[in-house]
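Trainee:
Residue numbers (UniProt numbering): 1 to 322.
1. Counting C-beta neighbours from all protein chains within 10 Å, is the total for residue 107 16 or more, i.e. buried, or is it exposed?
2. Give me the Cβ distance between residue 289 and residue 276, rounded to the nearest whole Å; I'm assuming they're in contact under 8 Å.
3. Among 154, 198, 20, 173, which one has its Cα closest to the Cα of residue 229?
4. Should residue 205 and residue 171 be called a contact, given that it needs their Cβ atoms to be closer than 9 Å?
5. Provide the residue(s) that pair with residue 295 in DSSP beta bridges, ordered along the chain.
6. If we count Cβ pairs, one from each stretch, closer than 8 Å, do we get three or more for the stretch 284 to 298 versus the stretch 244 to 251?
7. Which whole-angstrom value describes the C-beta separation of residue 143 and residue 195, a residue pair presumed to lie in contact below a C-beta threshold of 8 Å?
8. Run through DSSP, which three-state label would residue 138 get?
9. What distance in whole Å lies between the Cβ atoms of residue 162 and residue 139, which are believed to be in contact at a cut-off of 8 Å?
10. Assess, as a yes-or-no matter, whether the stretch 223 to 238 is touched by the stretch 300 to 309 under the definition of 3 or more beta carbon pairs within less than 8 Å.
11. Can you say whether residue 190 is buried or exposed, counting buried as having 16 or more other CB atoms within 10 angstroms of its CB?
12. Return helix, strand or coil for residue 194, following the three-state DSSP convention.
13. With a CB to CB cut of under 6 Å and the five nearest residues on each side skipped, what residues in its chain are close to residue 222?
14. Name the DSSP bridge partner or partners of residue 263?
15. Whose C-alpha, out of 316, 128, 16, 72, is nearest the C-alpha of residue 242?
16. Hey, out of 77, 183, 166, whose CA is closest to residue 157's CA?
17. Per the DSSP calculation, residue 279 is bridged to which residue(s)?
18. So, does the CB of residue 274 fall closer than 9 Å to a CB anywhere in chain D?
19. Can you tell me whether DSSP reads residue 303 as helix, strand or coil?
20. Identify which residue in 45, 252, 53, 66 has its Cα closest to the Cα of residue 78.
21. Please identify the residue among 253, 255, 274, 256 whose C-alpha is closest to the C-alpha of residue 263.
22. Roughly how many whole angstroms lie between the Cα atoms of residue 32 and residue 68?
23. For residue 291, count neighbouring C-beta atoms within 10 Å of its own C-beta (all shown protein chains included) and say buried if the count is 16 or more, exposed if not.
24. When the Cα atoms are used, what is the spatial distance from residue 47 to residue 216?
25. Taking only the alpha-carbon atoms, compute the straight-line gap between residue 109 and residue 177 and give it to the nearest angstrom.
26. What residue range is occupied by the uninterrupted alpha helix (DSSP H) comprising residue 250?
27. Please list the terminal residues of the continuous alpha helix (DSSP H) segment that includes residue 42.
28. Using a Cβ-Cβ cutoff of less than 8 Å, which residues in the same chain neighbour residue 29 once the five nearest sequence positions on both sides are dropped?
29. Alpha carbon to alpha carbon, how far is residue 253 from residue 300? Give it in angstroms, no decimals.
30. Kindly indicate which residue of 200, 127, 135 has the alpha-carbon position closest to the one of residue 227.
31. Quick check on residue 186: buried or exposed, where buried means 16 or more other Cβ atoms within 10 Å of its Cβ?
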């Protein structure tokens, strides 16, 4: 291209913005006009130019939002830069992964990961890409992040929640499939990790009515006997029915680890020299003598002699799961 024509093309491509702050490259990407995008890249259009509005989105943001793998690849190949400034890098990366733009596009996520556009940057709520993917129920996005990146899958957001807490709190129909990916990729994942309110994933799934996820979390070692900082547990949580609780109790097939603490999990009386600690031998809850007064053999645990249990477990063991 002759210098004069190149100069005209430069001015045409770089200086023209519409009333919404978009230049020709932005428009071509939004229209998924691959041929025009490649032409503009060929005449040195600025692949890092931002829309001149409050969003400040870049061409790469737009390419991800329209789910165009080929445009994403060309933008990255021909000069999209995340290294100009550390603050700009963090801003761009967190927006790419946390604006809900990926829409389960595992292929595009793979392209970004291949080009070291890391998923660990956090949004204003402290969520990384995995937090967002599980909240949105994006199975393939989760798979790509867990198998193709070194993302911190145990990272805590501003509310003290890791991705498993988020999965349980916002559980969708495919939550079990996502949890299975966690188990396959990270067999030692901390199932009973506490969030800022001292909730574990099983409690969040229970209060969210995610029955299938509750069952899988319990099988993986989730505890029924924990109590959060507000004194709420699975046993006293306000839910429409206790049917799920009885189902989970019926699923227990080995004596659970005993929970410790300063108060009875049933009546909240403080323990002292006069008020001794006891445990329900079926669910593991920490109780006072009054709240664990009933005794019954637990045959499924090979406890053939009567042992202390709470009222709820006594009813379940004598009446069966409702």
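For glycine and all other residues, C-beta sits at the position ideal for the given N, C-alpha and C. Nothing here was measured: the structure is a model prediction, and the numbers come from that model.
Mentor: Well, looking at it:
1. As a working mapping, residue 107 is identified with position 107 in the chain shown. Answer is exposed; the Cβ neighbour count stays below 16.
2. By 1-based counting over the chain shown, the position of residue 289 is 289. By 1-based counting over the chain shown, the position of residue 276 is 276. Residue 289 to residue 276, Cβ: 6 Å. Contact.
3. Residue numbering aside, residue 229 sits at position 229 when the chain shown is read from its first letter. Of 154, 198, 20, 173, the residue nearest in Cα terms is 198.
4. On the chain shown, position 205 is the one that residue 205 refers to. On the chain shown, position 171 is the one that residue 171 refers to. The answer is yes: Cβ separation under 9 Å.
5. Here residue 295 corresponds to residue number 295 of the chain shown, with the count starting at 1. The partner list for residue 295 (beta bridge, DSSP) reads 308.
6. No, the stretch 284 to 298 does not touch the stretch 244 to 251.
7. As a position in the chain shown, residue 143 is number 143, starting the count at 1. As a position in the chain shown, residue 195 is number 195, starting the count at 1. No, residue 143 and residue 195 are not in contact; Cβ-Cβ is about 24 Å, not under 8 Å.
8. Locating residue 138 in the chain shown gives position 138, where the first residue counts as 1. Residue 138: coil per DSSP, three-state reduction.
9. As a position in the chain shown, residue 139 is number 139, starting the count at 1. As a position in the chain shown, residue 162 is number 162, starting the count at 1. With 8 Å as the limit, residue 139 and residue 162 do not qualify as a contact, their Cβ atoms being about 18 Å apart.
10. no
11. Residue numbering aside, residue 190 sits at position 190 when the chain shown is read from its first letter. By the 10 Å Cβ count, residue 190 comes out exposed.
12. The residue labelled residue 194 in the question sits at position 194 within the chain shown. Looking at residue 194 - three-state DSSP - the assignment turns out to be coil, as it is neither helix nor strand.
13. Residue numbering aside, residue 222 sits at position 222 when the chain shown is read from its first letter. Hits under 6 Å: 191, 202.
14. Residue numbering aside, residue 263 sits at position 263 when the chain shown is read from its first letter. Answer is 270.
15. The residue labelled residue 242 in the question sits at position 242 within the chain shown. Of 316, 128, 16, 72, the residue nearest in Cα terms is 316.
16. Along the chain shown, one-based indexing puts residue 157 at 157. The shortest Cα separation from residue 157 among 77, 183, 166 belongs to 166.
17. For the purposes of this step, residue 279 is taken as residue 279 along the chain shown, with counting starting at 1. Per DSSP, 286.
18. The chain labelled as chain D is not found in the depicted structure, where only one protein chain is given.
19. Within the chain shown, numbered from 1, the residue matching residue 303 stands at position 303. Correct three-state label for residue 303: strand.
20. Translated into positions along the chain shown, residue 78 becomes position 78. Considering only alpha carbons, the answer is 45.
21. By 1-based counting over the chain shown, the position of residue 263 is 263. Ranking 253, 255, 274, 256 by CA distance to the CA of residue 263 puts 274 first.
22. For the purposes of this step, residue 32 is taken as the residue at position 32 of the chain shown. For the purposes of this step, residue 68 is taken as the residue at position 68 of the chain shown. Cα to Cα, residue 32 sits roughly 7 Å from residue 68.
23. Walking along the chain shown from the start, residue 291 turns up at place 291. Counting the other Cβ atoms within 10 Å of the Cβ of residue 291 gives 16 or more, which makes it buried.
24. Residue 47 sits at position 47 when you count from the first residue of the chain shown. Residue 216 sits at position 216 when you count from the first residue of the chain shown. Going by the C-alpha atoms only, they are around 46 Å apart.
25. Taking the chain shown and counting its residues from 1, the one referred to as residue 109 is at position 109. Taking the chain shown and counting its residues from 1, the one referred to as residue 177 is at position 177. Computed Cα separation, rounded: 19 Å.
26. On the chain shown, position 250 is the one that residue 250 refers to. From DSSP, the alpha helix (DSSP H) with residue 250 extends over 243 to 251.
27. Residue 42 sits at position 42 when you count from the first residue of the chain shown. 34 to 42 is the extent of the alpha helix (DSSP H) around residue 42.
28. Within the chain shown, the letter at position 29 stands for residue 29. Contacts found: 37, 59, 62, 63, 66, 68, 71.
29. Looking up residue 300 in the chain shown gives position 300. Looking up residue 253 in the chain shown gives position 253. About 6 Å.
30. On the chain shown, position 227 is the one that residue 227 refers to. Among 200, 127, 135, the Cα nearest to that of residue 227 is on 200.
31. As a first step, residue 186 must be located in the chain shown, where it is residue number 186. The residue is exposed, with fewer than 16 neighbouring Cβ atoms inside 10 Å.
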